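There are 2 protein chains.
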Amino acid sequence: MQTFSKRVSMTVVKRLPKYYQYLTDLQDQHIEKISSKELAAMMGLTASQIRQDLNSFGAYGQQGYGYKVKELKEAIRKILGLDLQYNCIIIGSGNLGHAIVNYERFKEEGIHFKAMFDVDPDQIGKKVGNVTVYHMDDLDAFVAHHKIDICILSVPQKVGQETTDRVVELGIKAILNFVPLDLTVPDDVVVESVNITDSLFTLTYLINEDDDDE
Amino acid sequence: MQTFSKRVSMTVVKRLPKYYQYLTDLQDQHIEKISSKELAAMMGLTASQIRQDLNSFGAYGQQGYGYKVKELKEAIRKILGLDLQYNCIIIGSGNLGHAIVNYERFKEEGIHFKAMFDVDPDQIGKKVGNVTVYHMDDLDAFVAHHKIDICILSVPQKVGQETTDRVVELGIKAILNFVPLDLTVPDDVVVESVNITDSLFTLTYLINEDDDDE
Numbered sequence: 012m013q014t015f016s017k018r019v020s021m022t023v024v025k026r027l028p029k030y031y032q033y034l035t036d037l038q039d040q041h042i043e044k045i046s047s048k049e050l051a052a053m054m055g056l057t058a059s060q061i062r063q064d065l066n067s068f069g070a071y072g073q074q075g076y077g078y079k080v081k082e083l084k085e086a087i088r089k090i091l092g093l094d095l096q097y098n099c100i101i102i103g104s105g106n107l108g109h110a111i112v113n114y115e116r117f118k119e120e121g122i123h124f125k126a127m128f129d130v131d132p133d134q135i136g137k138k139v140g141n142v143t144v145y146h147m148d149d150l151d152a153f154v155a156h157h158k159i160d161i162c163i164l165s166v167p168q169k170v171g172q173e174t175t176d177r178v179v180e181l182g183i184k185a186i187l188n189f190v191p192l193d194l195t196v197p198d199d200v201v202v203e204s205v206n207i208t209d210s211l212f213t214l215t216y217l218i219n220e221d222d223d224d225e
Numbered sequence: 012m013q014t015f016s017k018r019v020s021m022t023v024v025k026r027l028p029k030y031y032q033y034l035t036d037l038q039d040q041h042i043e044k045i046s047s048k049e050l051a052a053m054m055g056l057t058a059s060q061i062r063q064d065l066n067s068f069g070a071y072g073q074q075g076y077g078y079k080v081k082e083l084k085e086a087i088r089k090i091l092g093l094d095l096q097y098n099c100i101i102i103g104s105g106n107l108g109h110a111i112v113n114y115e116r117f118k119e120e121g122i123h124f125k126a127m128f129d130v131d132p133d134q135i136g137k138k139v140g141n142v143t144v145y146h147m148d149d150l151d152a153f154v155a156h157h158k159i160d161i162c163i164l165s166v167p168q169k170v171g172q173e174t175t176d177r178v179v180e181l182g183i184k185a186i187l188n189f190v191p192l193d194l195t196v197p198d199d200v201v202v203e204s205v206n207i208t209d210s211l212f213t214l215t216y217l218i219n220e221d222d223d224d225e
């Protein structure tokens with residue numbers, strides 16, 4: 012494999028974490044090579060889609076051999092930026108915040124949780140794993156003294172945008188958003204949203220669509 | 012507006028929860044009508060996209076008036092199947108399970124949490140809100156005695172597929188999946204997945220793509 016281009020279409024980007032997951036699982040099972048056909052069967056894609064996706068960043072499988080699992084995994088890891096380290100804060104120390112801090116997988120991938128913030132007096136000073144919950148009043152000072160790359164936002168909807176504005180003002184350039192809101196941010200800030208409600212409501216749609224078929 | 016067709020393209024379906032969210036917010040603000048242009052500006056779409064989306068299930072705005080917020084919201088609510096009631100169980104009583112049970116919004120929309128299941132002896136018998144945590148050994152009996160529509164799956168990855176198989180075996184037809192796995196299910200079972208890891212890794216990609224631009 013040659014050098015990899017980082018400029019990939021968003022459709023492929025959205026599939027990269029999935030490739031990464033499957034390749035990690037294959038490596039854990041000590042599987043050294045995989046054909047586009049085998050990978051396609053695992054991922055519910057076609058072999059030609061797989062080849063096209065991987066070609067797009069310069070990962071060409073060898074004919075009659077396929078892809079080297081470790082090499083391909085490392086290539087995708089780099090493209091995803093997971094060879095770097097990220098300092099994170101979590102705003103909102105509810106159950107979702109707890110779930111994220113405790114998620115083993117993130118630690119393995121260079122995602123470091125530095126602090127949680129909340130306004131609930133009962134939460135302030137508590138520790139989640141080895142992450143301390145601070146008051147929102149301490150946010151500015153904390154961010155000023157630590158290089159924070161990512162803010163995970165898990166606050167009530169009604170303060171979602173104002174909290175975002177504050178985070179942006181402090182110079183944080185990436186937000187993982189759990190608030191059911193389309194956040195407005197400047198062009199140099201990236202937001203990725205996880206909307207659990209949307210997923211549940213898509214499911215209730217699908218349940219009834221299925222009924223109609225019967 | 013006339014009767015609404017339920018057969019809508021998946022692209023539109025995926026946007027319906029968002030329309031529903033915005034229309035709910037508008038109604039909460041006592042706004043009675045909205046033009047496709049205004050709705051487009053709020054949602055980051057074009058007015059023609061909005062009209063096309065809504066036309067596709069028979070919701071036609073009136074020229075020079077726009078859409079009646081309440082009527083449109085109710086139409087989308089019905090299409091999403093949110094006029095019905097759903098009995099849910101949650102398998103995996105970790106922080107994520109707790110977060111979901113405590114999510115006020117779901118209760119308002121006819122989503123009823125009937126029980127949680129876990130294998131951790133420390134969790135069994137506990138109550139999360141008014142939802143009891145039972146042992147996985149009691150799953151079959153519970154499902155046999157309650158009509159369960161949706162299973163929310165939040166178990167470790169290594170038992171993700173086997174738990175799914177068991178849930179499917181028990182006749183549950185819809186799964187909201189938080190396990191980072193592409194679950195294999197029969198055709199008559201619907202799965203909607205929320206993959207927090209994928210979203211975070213997309214974000215780390217976007218952070219570095221941004222850097223390249225500078």
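Going down the list, the protein sequences come from chains L and C.
Numbering of the first sequence is given in our numbering, commencing with residue 12 and proceeding in unit increments.
Numbering of the second sequence is given in our numbering, commencing with residue 12 and proceeding in unit increments.
Ideal Cβ positions, reconstructed from N, Cα and C, are used throughout, including at glycine.
Everything numeric in this text was worked out from a predicted model, so none of it was measured.
Requested in this report: Could you tell me whether any Cβ in chain C is nearer than 7 Å to the Cβ of H109 (chain L)?
Outcome: Sequence index remark: in the first sequence, residue 109 (chain L) carries index 98 (1-based). Yes - at least one Cβ of chain C is within 7 Å of the one on H109 (chain L).
Query raised in the report: Okay, do the stretch 184-194 of chain L and the stretch 129-141 of chain L touch, 3+ Cβ pairs below 8 Å being the bar?
Result: no
Requested in this report: Kindly indicate the opening and closing residues of the beta strand (DSSP E) around S59 (chain C).
Outcome: One-based indexing of the second sequence puts residue 59 (chain C) at position 48. Per DSSP, S59 (chain C) belongs to no beta strand (DSSP E); it is in the alpha helix (DSSP H), 58-66.
Query raised in the report: Applying a beta-carbon distance threshold of less than 7 Å, which residues of chain C neighbour L187 (chain L)?
Result: Here residue 187 (chain L) refers to the residue found at position 176 when the first sequence is read from its first residue. Here the neighbours are S210, L211, L214.
**Report entry** Which of helix, strand or coil DSSP assigns to L93 (chain L)
**Finding:** Taking the first residue of the first sequence as 1, we reach residue 93 (chain L) at position 82. Note: L93 (chain L) maps to coil in three-state DSSP.
**Report entry** Cβ-based neighbour list, Y33 (chain C), same chain, cut-off 8 Å, excluding 5 preceding and 5 following
**Finding:** Counting from one through the second sequence, the residue named residue 33 (chain C) turns up at place 22. The answer, listed in chain order, is L50, M53, M54.
Report task. Would you please verify whether the beta carbon of P197 (chain L) is less than 7 Å from any beta carbon of chain C? Result -> For the purposes of this step, residue 197 (chain L) is identified with residue 186 of the first sequence, where counting begins at 1. Not one chain C Cβ lies under 7 Å of P197 (chain L).
Query raised in the report: With contact counted as at least three CB pairs below 8 Å, one residue from each stretch, are the stretch 20-28 of chain L and the stretch 210-222 of chain C in contact?
Result: yes
Query - Local conformation of I100 (chain L) per DSSP, three classes - result: Mapped onto the first sequence, residue 100 (chain L) falls at position 89. Three-state DSSP puts I100 (chain L) in a strand.
Query raised in the report: Using a C-beta to C-beta distance shorter than 9 Å, which residues of chain C count as neighbours of I218 (chain L)?
Result: What you label residue 218 (chain L) is simply residue 207 of the first sequence in a count that begins at 1. The contacting residues are G92, L95, Y97, D160, I161, K184, A185, V201.
Query raised in the report: Near S46 (chain C), what residues of its chain come up, given a Cβ to Cβ distance below 6 Å and the 5 sequence neighbours on each side ignored?
Result: Working through the second sequence from its first residue, we reach residue 46 (chain C) at position 35. Taken in chain order, the residues that qualify are G77.
Requested in this report: Establish whether the CB of N106 (chain L) and some CB of chain C are separated by less than 7 Å.
Outcome: Mapped onto the first sequence, residue 106 (chain L) falls at position 95. N106 (chain L) counts as touching chain C.
Query raised in the report: Can you name the residues of chain L whose CB is closer than 8 Å to the CB of K84 (chain C)?
Result: Within the second sequence, residue 84 (chain C) is the residue found at index 73, counting from 1. Those do not exist, as K84 (chain C) stays about 13 Å from chain L at its closest Cβ, beyond 8 Å.
**Report entry** Segment limits, beta strand (DSSP E) that includes F124 (chain C)
**Finding:** Indexing the second sequence from 1 puts residue 124 (chain C) at position 113. F124 (chain C) -> beta strand (DSSP E) spans 122-129.
Requested in this report: State the DSSP-derived secondary structure class of Q229 (chain L), mapped to helix, strand or coil.
Outcome: Outside the displayed range of chain L (12 to 225) lies residue 229 (chain L), so it cannot be described from this structure.
Query raised in the report: For I161 (chain C) versus Y97 (chain C), is the C-beta distance shorter than 7 Å?
Result: One-based indexing of the second sequence puts residue 161 (chain C) at position 150. One-based indexing of the second sequence puts residue 97 (chain C) at position 86. Yes, they are a contact pair.
Requested in this report: Starting from N106 (chain C), trace the alpha helix (DSSP H) both ways and give me its first and last residue.
Outcome: Translated into the one-based positions of the second sequence, residue 106 (chain C) becomes position 95. 106-112 is the extent of the alpha helix (DSSP H) around N106 (chain C).
**Report entry** Under 9 Å from the C-beta of N113 (chain L): neighbouring residues of chain C
**Finding:** The residue you call residue 113 (chain L) lines up with position 102 of the first sequence. By Cβ distance, chain C contributes G105, N106.
Query raised in the report: With 16 other CB atoms within 10 Å as the buried threshold, where does A155 (chain L) fall?
Result: In the first sequence, residue 155 (chain L) corresponds to position 144, counting from 1. By the 10 Å Cβ count, A155 (chain L) comes out exposed.
Query raised in the report: In chain C, what lies closer than 7 Å to G55 (chain L) by C-beta?
Result: Taking the first residue of the first sequence as position 1, residue 55 (chain L) is located at position 44. Residues of chain C passing the Cβ test: D193.
Query raised in the report: For E203 (chain L), does the count of other Cβ atoms within 10 angstroms reach 16, so buried, or fall short, so exposed?
Result: In the first sequence, residue 203 (chain L) corresponds to position 192, counting from 1. Burial call: buried.
Query - Where M12 (chain C) falls: helix, strand or coil (DSSP) - result: Numbered from its first residue, the second sequence carries residue 12 (chain C) at position 1. Unreliable placement is indicated for M12 (chain C), whose pLDDT of 44 sits below 50; the coordinate value is still reported in the next sentence. It is coil, neither helix nor strand.
Query raised in the report: If you compare alpha carbons, which of C:D36, C:G75, C:Q38 is closest to K48 (chain C)?
Result: Counting from one through the second sequence, the residue named residue 48 (chain C) turns up at place 37. Of the listed residues, the one whose Cα sits closest to K48 (chain C) is C:G75.
Report task. For the alpha helix (DSSP H) holding L150 (chain L), just list the boundary residues, first then last. Result -> By 1-based counting over the first sequence, the position of residue 150 (chain L) is 139. 150-156 is the span of the alpha helix (DSSP H), which, as asked, contains L150 (chain L).
Report task. Output yes or no for whether 7 Å exceeds the beta carbon distance between A185 (chain L) and F153 (chain L). Result -> Here residue 185 (chain L) refers to the residue found at position 174 of the first sequence. Here residue 153 (chain L) refers to the residue found at position 142 of the first sequence. No. Outside cutoff.
Query raised in the report: From E85 (chain L) to G136 (chain L), what does the alpha carbon distance come to, in whole angstroms?
Result: Within the first sequence, numbered from 1, the residue matching residue 85 (chain L) stands at position 74. Within the first sequence, numbered from 1, the residue matching residue 136 (chain L) stands at position 125. E85 (chain L) and G136 (chain L): Cα-Cα distance of roughly 39 Å.
Report task. In the DSSP assignment, find the unbroken beta strand (DSSP E) run with T7 (chain C) in it and report its ends. Result -> Missing from the structure shown is residue 7 (chain C); chain C here goes from 12 to 225 and no further.
Query raised in the report: Got a sec: which bits of the stretch 31-47 of chain C sit with their beta carbon under 7 Å from any beta carbon on chain L, in order along the chain?
Result: Y31, Q32
Query - Whole-angstrom distance between Y71 (chain L) and I111 (chain C), CA atom to CA atom - result: The residue you call residue 111 (chain C) lines up with position 100 of the second sequence. The residue you call residue 71 (chain L) lines up with position 60 of the first sequence. Between I111 (chain C) and Y71 (chain L), the C-alpha separation is close to 42 Å.
Report task. Identify whether E115 (chain C) lies in helix, strand or coil by the three-state DSSP scheme. Result -> Stepping through the second sequence from its first residue, residue 115 (chain C) is reached at position 104. Helix, per DSSP.
Query raised in the report: Sorry if obvious, but does the Cβ on L56 (chain L) come closer than 6 Å to a heavy atom of the ligand FAD?
Result: The ligand FAD is not among the ligands present in this structure, which contains no ligands whatsoever.
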